[in-house]
Amino acid sequence: MNDADRARYEPGPFSCRRRSSRRRVIPEGATCWSESTSPSKAVVIEADTKGARLVFPWKVREGQDVMVSFSNKLGLHRTERARIAWTQQIDSSGRTIAGLYYCPEALAS
Numbered sequence: 065m066n067d068a069d070r071a072r073y074e075p076g077p078f079s080c081r082r083r084s085s086r087r088r089v090i091p092e093g094a095t096c097w098s099e100s101t102s103p104s105k106a107v108v109i110e111a112d113t114k115g116a117r118l119v120f121p122w123k124v125r126e127g128q129d130v131m132v133s134f135s136n137k138l139g140l141h142r143t144e145r146a147r148i149a150w151t152q153q154i155d156s157s158g159r160t161i162a163g164l165y166y167c168p169e170a171l172a173s
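Numbering (this note's numbering), first residue to last: 65 to 173.
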């Protein structure tokens, strides 16, 4: 693709074009919980400074508020308040792939 083609490029429905650039984060692991669930390990698919894609061990729904604690290789943790942006059920086991974005007002009362 040359520069002229790139300038005319319109993303398709399955392309991933971010509204703003993001800095990728590579956590060692994640633990998630909400007001109605106890802390459980989650699988990190992708994480950055604005949000993440995780596999939750329970069913979550769009708009639900959760807490996510990421850990690194040194054992340090960073906990974020987040809101579920979208979900996709994996199977009948209850696991869910979800996209979330960090927001300080989530879970705040």
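Think of the CB as a built atom: it goes at the ideal place given N, C-alpha and C, for glycine as much as any other residue. These figures come from a predicted structure and were not determined experimentally.
Quick check on DSSP: helix, strand or coil for Pro168?
DSSP, reduced to helix, strand and coil, places Pro168 outside both helices and strands of the structure shown, so it counts as coil.
What does a CB cutoff of less than 8 Å around Ser79 pick up in its chain, not counting 5 residues either side in sequence?
Bear in mind that a pLDDT of 43 at Ser79, under 50, signals an unreliable position, so the number given afterwards is only what the model happens to contain. Taken in chain order, the list of residues that qualify is empty.
Less than 9 Å separating the beta-carbons of Ala146 and Arg117?
The Cβ atoms of Ala146 and Arg117 do not sit closer than 9 Å to each other.
DSSP on Lys123, reduced to helix/strand/coil?
In this structure, Lys123 counts as coil in the three-state DSSP scheme.
Where DSSP assigns a beta bridge to Gly93, which residues make up the other side?
Gly93 is bridged to Ser135.
Segment limits, beta strand (DSSP E) that includes Lys105
Start and end: 101-112.
Does the Cβ-Cβ distance between Asp112 and Arg87 come in under 9 Å?
In this structure, Arg87 lies closer than 9 Å to Asp112 by Cβ.
Strand pairing of Ser98, partner residues [DSSP]
Per DSSP, the beta-bridge partners of Ser98 are Thr101.
By a C-beta neighbour count over all protein chains shown, 10 Å radius and 16 as the cutoff for buried, is Ile109 buried or exposed?
When all chains shown are included, Ile109 counts as exposed.
Delimiting residues of the beta strand (DSSP E) encompassing Gln152
It spans 141-153 - the beta strand (DSSP E) in which Gln152 sits, taken as one unbroken run.
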